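The sequence shown runs 3 to 104 under our numbering. Where is the CB? At the ideal position from N, CA and C, for every residue including glycine. Keep in mind it's a predicted model, so treat the numbers as computed, not measured. See structure below.
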Amino acid sequence: MLTVDKLVNIVYNSCYMMKENNKFITTAELANLLGISRIAVFKKIQNGKIKAVKKGRNYVINTMDVSGLNDRLSVNDKKIISAAVDRTMNEYGETLRLLGKE
3 MLTVDKLVNI VYNSCYMMKE NNKFITTAEL ANLLGISRIA VFKKIQNGKI KAVKKGRNYV
63 INTMDVSGLN DRLSVNDKKI ISAAVDRTMN EYGETLRLLG KE
């Protein structure tokens, strides 16, 4: 497994050779995409939940390292899912409660 130091060297030494599919984003951009604060992103980086490379004073994150980043639900998708759940609970709520007790 690559350490952060090795990743920093790779990024600095091969910056001009980066492929287009290796897109790097900032912590602020990732926070915006995930719908969380920048502080939450920093905490996830410190806890090792998000791989990041320190570039100067800032961290950069390879989008390929963030699982599910491209699979995020849009606001419209969330509304559709919420409406479907509400309809299901209205129509089958009692049945689901009874099945949950079994």
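Check: In terms of residue numbering, what span does the beta strand (DSSP E) encompassing Asn64 cover?; Outcome: 60-64
Check: In terms of alpha-carbon separation, which member of Leu32, Lys51, Glu104 lies closest to Thr65?; Outcome: Leu32
Check: Need the endpoints of the alpha helix (DSSP H) that Ile82 sits in, please.; Outcome: 77-103
Check: Return helix, strand or coil for Ile38, following the three-state DSSP convention.; Outcome: coil
Check: Would you say Ile41 and Ala54 are within 7 Å of each other, going by their C-beta atoms?; Outcome: no
Check: Look up Lys57 in the DSSP assignment and say whether it is helix, strand or coil.; Outcome: strand
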